[in-house]
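Let me begin by presenting the structure, written as structure tokens, before commenting on it.
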Amino acid sequence: MKKFLFLLIFSSISTYAQEIEGYVYDAEGRVSRVRIHNLSQDLFEVSNPYGYFRVEAAVGDTVHFSYVAYDLYELIVQKQDLEKKIVVELKFSTLDEVKITGYRSRNTAVEDLDDELASQIQKDIKKHPNYYRTSKGNIGNIIQSVVDLFKRDQTLEPADPEPEFISVEDFEVLFLRDDFFDEEFLSQELGIPKENHKLFYEFLALQQLEYYYLEKLNKLDLIEKLYNYSEKYMDWWNSTKSKNN
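Take the sequence shown: its letters are residues -17 to -1, 1 to 228, numbered as in mature numbering (1 follows the signal peptide of the UniProt record, and there is no 0).
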């Protein structure tokens, strides 16, 4: 009887502890603040700033991923989804009409706006007639204002953006979702033992590879980088093992 109760409790805990985890992506990269709703268990989660999510689930559960401007993504949880991280790829909404809220537009004709602007100018002339008088001084002020505006525009020019580097999460997603870069490529082509895959992602992130290497046009360059860094990683790993032994 005690054994039966123990097995019952253990199986209940195991079932309760089941969960799915992974990353939410779109065509441009990871997506944060995606609402994840496990309809079967009525559980809610939200993807973090890195697009990572984790939610309790069991085989057969229906899980919805939703966010503004994206089509609803529905996942029916399979056994393999509980065994390793998954990648959910959202697609931009295909609806013909997208409603934007957050501000109220003015239903005013263009002619009315012109009249309103003219009225405001007339009022301003009465208050500050010296600003609108034709004189050398005012022309000089206007020229100076144009020069100042030009200088101000130059100072407001955006500086070169800081380079964005591929993170640990980016590498993990790459080897989860790509048809070429997968676990087999890691283990057989690069010679990275399976138990070292995550550590290798961290090693790669420390090399500060710029984000453009993830673009399709730079695939060959990325392959070359991965081969080079895999050799360095294995040299480091083997030397670390020999020191510990």
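All C-beta atoms in this analysis are idealised placements derived from N, C-alpha and C, irrespective of residue type, glycine included.
Treat the numbers as computed from the prediction; the structure is a model and nothing was measured.
Item	Value
Output the distance between the C-alpha atoms of F36 and Y196, rounded to the nearest integer angstrom.	25 Å
If you run the structure through DSSP and keep just helix, strand and coil, what is L189?	helix
Quick check on the DSSP output: the beta strand (DSSP E) that includes R37 runs from which residue to which?	Y35 to E39
Would you list the residues sitting across from F75 in a DSSP beta bridge?	Y53
Provide the residue(s) that pair with I59 in DSSP beta bridges, ordered along the chain.	T45
State buried or exposed for E11, treating a residue as buried only when at least 16 other CB atoms are found within 10 Å of its CB.	exposed
Can you have a look at Y210 and say buried or exposed, based on whether 16 or more other CB atoms are within 10 angstroms of its CB?	exposed
With 16 as the cutoff for other CB atoms within 10 Å, does S118 come out buried or exposed?	With a pLDDT of 44 at S118, under the threshold of 50, the modelled position of this residue cannot be trusted; read the value that follows with caution. Exposed is the call here.
Alpha carbon to alpha carbon, how far is E72 from L159? Give it in angstroms, no decimals.	12 Å
Would you identify the three-state DSSP class for L100, choosing helix, strand or coil?	Low per-residue confidence applies at L100: pLDDT is 49, beneath 50, and the placement is therefore not dependable, though the value from the model is reported in the following sentence. Helix.
Restricting to Cα atoms, I'd like to know which of Y184, E57 and I19 is closest to F148.	Y184
Tell me the rounded alpha-carbon separation between K215 and A188.	14 Å
Round the Cβ separation of K62 and V42 to the nearest angstrom and send it over; I've been treating them as touching at under 8 Å.	5 Å
Measuring only the C-alpha atoms, how far is P146 from E4?	29 Å
Give every residue of the same chain whose Cβ lies closer than 6 Å to the Cβ of S150, excluding the five residues on either side of it in the sequence, and list them in chain order.	A188
In terms of residue numbering, what span does the alpha helix (DSSP H) encompassing R160 cover?	V151 to R160
Among the candidates F154, H47 and E28, whose CA atom is the shortest distance from the CA of V60?	H47
Go ahead and pull the three-state DSSP assignment for E147.	coil
DSSP on I175, reduced to helix/strand/coil?	coil
Would you call the CB atoms of V38 and E28 closer than 8 Å?	yes
Do you know offhand how far D218's Cα is from E167's?	20 Å
What is the residue span of the alpha helix (DSSP H) that K227 lies within?	Before going on, a small fix: residue 227 reads as Asn here, not Lys. Per DSSP, N227 belongs to the alpha helix (DSSP H) from K202 to N227.
Between which two residues does the beta strand (DSSP E) containing G12 stretch?	Unbroken run through G12: none, as it is neither H nor E.
S30 to Y8, Cα distance in whole Å?	10 Å
Starting from L26, follow the beta strand (DSSP E) in both directions and report where the run begins and ends.	L26 to V29
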